[in-house]
Amino acid sequence: EVPDVAAAVHETIRQSGVLSRISPGDRVAIAVGSRGVADIPILTREVVNAVKSAGGRPFIVPAMGSHGGATAEGQIDVLKQLGVTESSVGAPILSSMDVVEVGRLPNGLPVYIDKHAYEADKVIVINRIKPHTAFRGPVESGLMKMITIGLGKQKGAEAAHAYGFQYMAEHVQAMAKIAMSQVPIIFGLATIENAYDRPAKIVAVPAEKIEEVEPQLLLEAKSLMPRILFDPMDVLVVNEIGKDISGDGMDPNITGRYATPYASGGPKVTRIVVLGLTEKTHGNANGIGLADITTR
Numbered sequence: 028e029v030p031d032v033a034a035a036v037h038e039t040i041r042q043s044g045v046l047s048r049i050s051p052g053d054r055v056a057i058a059v060g061s062r063g064v065a066d067i068p069i070l071t072r073e074v075v076n077a078v079k080s081a082g083g084r085p086f087i088v089p090a091m092g093s094h095g096g097a098t099a100e101g102q103i104d105v106l107k108q109l110g111v112t113e114s115s116v117g118a119p120i121l122s123s124m125d126v127v128e129v130g131r132l133p134n135g136l137p138v139y140i141d142k143h144a145y146e147a148d149k150v151i152v153i154n155r156i157k158p159h160t161a162f163r164g165p166v167e168s169g170l171m172k173m174i175t176i177g178l179g180k181q182k183g184a185e186a187a188h189a190y191g192f193q194y195m196a197e198h199v200q201a202m203a204k205i206a207m208s209q210v211p212i213i214f215g216l217a218t219i220e221n222a223y224d225r226p227a228k229i230v231a232v233p234a235e236k237i238e239e240v241e242p243q244l245l246l247e248a249k250s251l252m253p254r255i256l257f258d259p260m261d262v263l264v265v266n267e268i269g270k271d272i273s274g275d276g277m278d279p280n281i282t283g284r285y286a287t288p289y290a291s292g293g294p295k296v297t298r299i300v301v302l303g304l305t306e307k308t309h310g311n312a313n314g315i316g317l318a319d320i321t322t323r
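Residues 28 to 323 in this note's numbering are what the sequence shown lists, from first letter to last.
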């Protein structure tokens with residue numbers, strides 16, 4: 028586990044030399060997502076501080092698809108629940124669902140970028156790297172997905188999901204490459220978490236190295252995931268599920284029960300019982316259909 032998260036952020040940014048890409052007076056968009064990344068208020072605050080130290084003028088952009096009811100106010104509220112507010116990170120939050128089309132894939136799929144980020148002088152993305160719950164590829168959940176689906180907002184998420192999870196891995200990478208060629212993304216701050224949901228590694232990755240480095244970080248993240256020591260299991264009892272734990276309510280990488288045929292791994296379980304929902308999921312029971320039995 029990283030003992031001092033703030034110090035680790037400073038050190039990796041310093042070592043990577045990415046701050047030299049910021050000119051005094053630059054407006055710098057910092058993309059922050061909706062998943063409960065450990066210590067996201069600290070990570071964000073320290074990136075804000077680093078940008079200010081280079082003479083930049085940082086602001087936060089909520090980088091999420093349809094979360095927060097796909098409204099500008101709703102997405103500010105999602106960040107607030109994660110502890111990211113203008114006062115906690117020391118920078119204004121500019122939230123909008125407006126996007127700019129920056130290109131298209133050969134198959135015609137459009138690539139979108141948040142209007143505020145597109146109009147910024149520089150862009151930084153922050154995200155945790157981890158296995159996705161519904162597809163497998165060299166990159167899954169992480170920086171490239173944050174660029175296409177987070178900065179792409181609702182329209183970007185719809186485009187990336189349009190062909191289903193079968194093509195998601197290649198689409199996320201192809202769309203991110205187009206976005207990075209059209210938008211001044213200077214680096215991504217990636218975290219990997221240990222089995223206790225604490226930061227185990229924090230890395231500043233220059234934009235041109237994301238495609239090369241992210242797959243290595245994903246392998247590391249996979250090796251650190253928690254796992255259930257019994258396999259196979261007759262019955263798995265899950266105390267709580269929720270969107271704050273996983274997009275699928277409970278992480279299929281742990282339970283072995285997937286909603287799509289394009290991802291696999293984890294234990295073989297005959298029956299899954301779910302007892303309730305987390306407080307933070309606000310009644311969203313997505314993933315309950317993966318269980319066999321639940322309470323009234």
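Glycine included, each C-beta is placed from N, C-alpha and C at the ideal position.
> Below 8 angstroms between beta carbons: does that hold for R254 and I213?
Replying inline: No.
>> Restricting to runs no shorter than 4 residues, where is the alpha helix (DSSP H) found entirely within the stretch 57–107?
In response: Here the runs fully enclosed are 67–80.
>> Would V152 and Q200 be called neighbours here (beta carbons separated by less than 8 angstroms)?
In response: Q200 is positioned such that its CB atom lies no closer than 8 angstroms to that of V152.
> Between P133 and Q209, what straight-line distance do the alpha-carbon atoms span, to the nearest angstrom?
Replying inline: Taking C-alpha positions only, P133 is separated from Q209 by approximately 16 angstroms.
>> If I measure Cβ to Cβ from N231 and keep anything under 7 angstroms in the same chain, skipping five residues before and after, which residues do I get?
In response: Position check: residue 231 holds Ala in this sequence, whereas Asn was assumed. Excluding the 5 residues flanking it on each side, A231 has same chain C-beta neighbours closer than 7 angstroms at T39, I40, S43, V45, F214 and L216, in chain order.
> Could you give the uninterrupted runs of the beta strand (DSSP E) lying entirely in the stretch 244–283, keeping only those of 3 residues or more?
Replying inline: Listed in chain order, they are 260–265.
>> Quick check: what's the CA-CA separation for R84 versus D53?
In response: The straight-line gap separating the alpha-carbon atoms of R84 and D53 is approximately 6 angstroms.
> Which residues in the same chain as V116 place their Cβ atom closer than 7 angstroms to its Cβ, once the five residues preceding and following it in sequence are excluded?
Replying inline: Excluding sequence neighbours, V116 sits near P68, T71, R72, V75 and I87.
>> Determine whether the beta carbon atoms of H143 and L121 lie at a separation below 8 angstroms.
In response: The answer is yes: Cβ separation under 8 angstroms.
>> Measuring only the C-alpha atoms, how far is N154 from T321?
In response: In this structure, the alpha-carbon of N154 lies about 32 angstroms from that of T321.
> Do G60 and T160 have their CB atoms nearer than 8 angstroms?
Replying inline: It is not a contact, given that the beta carbons lie outside the stated cut-off.
> From V129 to P288, what distance separates their C-alpha atoms?
Replying inline: Pairing V129 with P288, the inter-Cα distance amounts to about 31 angstroms.
> Quick one: what does DSSP say S168 is sitting in, helix, strand or coil?
Replying inline: S168 falls in the strand class under three-state DSSP.
>> Tell me the rounded alpha-carbon separation between G276 and V296.
In response: Here the alpha carbons of V296 and G276 stand approximately 17 angstroms from one another.
>> Suppose you measure from the CA of D271 to the CA of Q243; what does that come to, to the nearest Å?
In response: Cα to Cα, the separation comes out at about 25 angstroms.
> Can you tell me whether S168 is buried or exposed, with buried defined as 16 or more other CB within 10 angstroms of its CB?
Replying inline: By the 10 Å Cβ count, S168 comes out buried.
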